[in-house]
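Visitor: Take a look at the following structure, please.
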């Protein structure tokens, strides 16, 4: 009888592991991508072995602007044992995500009933929005930091405080984005009825010290960006409701979410987003005496998103910057706030009604993971999901040009230029014309590149004075 009970106890964990493998084991056959994988793995001299010099490099430098020594250490181990075999790097990601899903289940059993914890663990394991973090080799830092974040949270809930603090340190060495953990611990305490008083705050002091120290380290690695200081705030009013919507309706997911308009408070999307955020906060606050789950879940969601909300500017065209309001991997941990809210409404008697949603998310997750199979499939998905990403059109055009699909590549470069006149697509179009012997058209494209770069540089110089 006791043996049978133990078997049933581990059945939920087995279900979660199986779910992860069914959706993501396909990634073991995926390629490295022409999108950060070259920079962080393929051409990164810091991961070429486990020598003292390489270890010193990863712990004393940024790569390129993030301090992620423990993440790079995992790549050093992989390279030492298997060189640049992409299957190994993807398998490590799959194992990390599987471990994370099991940890989510274990944590939620401390906060919810076991059936609700199982549904939450399965939804986390299968959710399509997590595909970017799992199926992209370069997202290792997000997975590894999440693993230690979850281990630290579980250690805290089970009174293994030393394990919790050590795990938090390891997580920060993987990626500083988990710095809000001490605030999350206070939220969990409040949810469990523990008073957030001076004594409680004092017990979190070691966590806050680590967060502040690594926050300072992270700031020194960030490149200064000449932009309006309110732009990240304005775009957060777009990204927060967007993440919330995509967590419930995970369709049209992409690697690119560009914001192509001028970011001002009275922009319809920004103003609407601000109203939505205020309304959700007001409702959660109003019902807090009846149930603490809405407010705790909402603040969990916001706190774990906060570090990414400033990361809205990416390298653009000719020395400029483009605005992007979201990235799927940024909601990997923040989504636990949504799952906590959902789990609070799953009862022991009606938990099975959620199984169709679990199955649907599994199907969508499998499809979304498949878009990361190669650079071509990734950018084809980006083009299909959004018509306003000039980068996606240009990148896909470059791949098709290498495959000598000149007509399709030409159309994609032209579409990229239509969305936004940019020197990369113009230059690529010029090269394509030259290869085909269309010299006059090639020269015209190159001339447009020179004019565009010259005007952009002039504008940049004017803005600095």
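In my numbering, the protein residues as written are 71 to 535. A virtual CB, placed ideally from N, CA and C, is assigned to each residue, including glycine.
State the beta-bridge partners of residue 374 as determined by DSSP.
Guide: Walking along the chain shown from the start, residue 374 turns up at place 304. Partner(s): none; residue 374 has no beta bridge.
Visitor: Assign residue 318 to buried or exposed, taking buried as 16 or more other Cβ atoms, counted over all protein chains shown, within 10 Å of its Cβ.
Guide: Here residue 318 refers to the residue found at position 248 when the chain shown is read from its first residue. Flag for residue 318 reads exposed.
Visitor: Do you know how far the Cα of residue 172 is from the Cα of residue 242?
Guide: Taking the first residue of the chain shown as 1, we reach residue 242 at position 172. Taking the first residue of the chain shown as 1, we reach residue 172 at position 102. Residue 242 and residue 172: Cα-Cα distance of roughly 21 Å.
Visitor: Give me, in chain order, the residues of the same chain whose beta-carbon lies closer than 7 Å to that of residue 247; leave out the 5 immediate sequence neighbours on both sides.
Guide: Walking along the chain shown from the start, residue 247 turns up at place 177. The residues are 215, 377, 378.
Visitor: Of the choices 147, 212, 409, 467, whose alpha-carbon is the least far from that of residue 428?
Guide: Taking the chain shown and counting its residues from 1, the one referred to as residue 428 is at position 358. The candidate whose alpha carbon is nearest that of residue 428 is 409.
Visitor: Just to confirm my understanding: we take residue 169, look at its own chain, exclude 5 residues before and 5 after, and list those with CB closer than 7 Å. What are they?
Guide: Position 99 of the chain shown, counted from the first residue, corresponds to residue 169. Contacts found: 217.
Visitor: Quick one: grab the DSSP three-state call for residue 392.
Guide: Residue mapping note: residue 392 aligns to position 322 of the chain shown, counting from 1. It is a strand residue.
Visitor: Smallest Cα separation from residue 81: which of 286, 464, 185, 261?
Guide: Residue numbering aside, residue 81 sits at position 11 when the chain shown is read from its first letter. Closest option to residue 81, Cα to Cα, is 185.
Visitor: Give the secondary structure of residue 265 by DSSP, where H, G and I count as helix, E and B as strand, and everything else as coil.
Guide: On the chain shown, residue 265 is found 195 positions in, with the first residue counted as 1. Note: residue 265 maps to coil in three-state DSSP.
Visitor: Going by the CB atoms, is the gap between residue 238 and residue 280 shorter than 8 Å?
Guide: As a first step, residue 280 is located in the chain shown; it is residue number 210 there, counting from the start. As a first step, residue 238 is located in the chain shown; it is residue number 168 there, counting from the start. Yes, they are a contact pair.
Visitor: My parser needs the beta strand (DSSP E) runs of 3 or more residues fully inside the segment 97-129; what are they?
Guide: Listed in chain order, nothing qualifies, since the segment 97-129 has no complete beta strand (DSSP E) run of 3 or more residues.
Visitor: Where does residue 426 land, buried or exposed, given buried means 16+ other C-beta within 10 angstroms?
Guide: Position 356 of the chain shown, counted from the start, is the residue given in the question as residue 426. Classification for residue 426: exposed.
Visitor: Could you check the C-alpha separation between residue 441 and residue 234 for me, to the nearest Å?
Guide: Residue 441 sits at position 371 when you count from the first residue of the chain shown. Residue 234 sits at position 164 when you count from the first residue of the chain shown. Approximately 36 Å between the Cα atoms of the pair.
Visitor: Check whether the Cβ atoms of residue 458 and residue 489 sit closer than 8 Å, and answer yes or no.
Guide: If you number the chain shown from 1, residue 458 lands on position 388. If you number the chain shown from 1, residue 489 lands on position 419. Going by C-beta atoms, residue 458 is nearer than 8 Å to residue 489.
Visitor: Over the uninterrupted alpha helix (DSSP H) stretch that includes residue 461, give me the two end residues.
Guide: In the chain shown, residue 461 corresponds to position 391, counting from 1. Its alpha helix (DSSP H) spans residues 460-472.
Visitor: How far does the alpha helix (DSSP H) with residue 402 in it reach, from first residue to last?
Guide: Counted from its first residue, the chain shown places residue 402 at position 332. Unbroken run through residue 402: none, as it is neither H nor E.
Visitor: How about the segment 324-341 and the segment 361-378: do they share at least three Cβ pairs that are nearer than 8 Å?
Guide: With a cut-off of 8 Å, the segment 361-378 and the segment 324-341 do not count as touching, because too few Cβ pairs lie within range.
Visitor: Which stretch, first to last residue, makes up the alpha helix (DSSP H) that contains residue 357?
Guide: On the chain shown, position 287 is the one that residue 357 refers to. Element bounds for residue 357: n/a, residue is neither H nor E.
Visitor: Can you name, in chain order, every residue of its own chain whose Cβ lies under 7 Å from the Cβ of residue 224, other than the five neighbours on each side?
Guide: Here residue 224 is taken as the residue at index 154 of the chain shown, counted from 1. Around residue 224: 173, 176, 177.
Visitor: Go to residue 156, then tell me how far its alpha helix (DSSP H) extends in each direction, as first and last residue.
Guide: As a position in the chain shown, residue 156 is number 86, starting the count at 1. Segment 156-179, the alpha helix (DSSP H) holding residue 156.
Visitor: Buried or exposed: which applies to residue 515, given that a residue is buried once 16 or more other Cβ atoms fall within 10 Å of its Cβ?
Guide: By 1-based counting over the chain shown, the position of residue 515 is 445. Buried, because 16 or more other Cβ atoms sit within 10 Å of the Cβ of residue 515.
Visitor: Tell me the residue span of the alpha helix (DSSP H) that contains residue 277.
Guide: As a first step, residue 277 must be located in the chain shown, where it is residue number 207. Its alpha helix (DSSP H) spans residues 275-291.
Visitor: Indicate whether the contact test is met: 3 or more Cβ pairs, each with one atom in the segment 112-126 and one in the segment 139-153, closer than 8 Å.
Guide: Touching, yes, given that three or more Cβ pairs across the two stretches are closer than 8 Å.
Visitor: In whole angstroms, what separates the C-alpha of residue 229 from that of residue 398?
Guide: For this step, residue 229 is matched to residue 159 along the chain shown. For this step, residue 398 is matched to residue 328 along the chain shown. So the two alpha carbons sit approximately 32 Å from each other.
Visitor: In angstroms with no decimal places, state the Cα-to-Cα distance between residue 205 and residue 163.
Guide: What you label residue 205 is simply residue 135 of the chain shown in a count that begins at 1. What you label residue 163 is simply residue 93 of the chain shown in a count that begins at 1. In a straight line, the C-alpha of residue 205 is about 7 Å away from that of residue 163.
Visitor: Once you ignore the five residues that flank residue 369 on each side, which residues in its own chain have a CB closer than 7 Å to its CB?
Guide: Here residue 369 is taken as the residue at index 299 of the chain shown, counted from 1. Only 257 meet the Cβ criterion.
Visitor: Which runs of the beta strand (DSSP E), 3 residues or longer, sit entirely within the segment 409-469?
Guide: List check, beta strand (DSSP E) in window: nothing returned.
Visitor: Below 8 Å on the Cβ atoms is my guess for residue 207 versus residue 159; work out the distance and round it to an integer in Å.
Guide: Within the chain shown, the letter at position 137 stands for residue 207. Within the chain shown, the letter at position 89 stands for residue 159. That belief holds up - the Cβ atoms of residue 207 and residue 159 are roughly 4 Å apart, short of 8 Å.
Visitor: Given a threshold of 16 other Cβ atoms within 10 Å of its Cβ, counted over all protein chains shown, does residue 79 qualify as buried or as exposed?
Guide: Looking up residue 79 in the chain shown gives position 9. With fewer than 16 other Cβ atoms within 10 Å, it is exposed.
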